[in-house]
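Numbering (this note's numbering), first residue to last: 6 to 71.
Even glycine gets a Cβ: it sits at the ideal position worked out from N, Cα and C.
These numbers were taken from a predicted model, which means no experiment stands behind them.
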């Protein structure tokens with residue numbers, strides 16, 4: 006199925022979870038925030054949140070500084 010990740014159309018497996026997507030993108034364990042269709046998905050729900058065709062995913066990396 007097709008979804009949009011940070012503005013780019015991408016083909017992913019049907020009913021993929023957010024956790025599986027992040028693993029596929031090599032982002033597991035990174036500090037980040039994720040929105041799907043403009044709604045924040047809490048990290049605690051990544052394993053259960055299933056993506057659907059045409060979802061718009063925004064992944065924002067947290068950057069530390071001082």
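DSSP places residue 56 outside both helix and strand once states are collapsed to three, so it counts as coil.
If you draw a straight line from the Cα of residue 29 to the Cα of residue 23, it comes to about 10 Å. Residue burial annotation: residue 60 is buried, with at least 16 other C-beta atoms found within 10 angstroms of its C-beta. Counting other Cβ atoms within 10 Å of its Cβ, residue 62 reaches 16 or more and is therefore classed as buried. The alpha-carbon of residue 18 is positioned some 14 Å away from that of residue 10.
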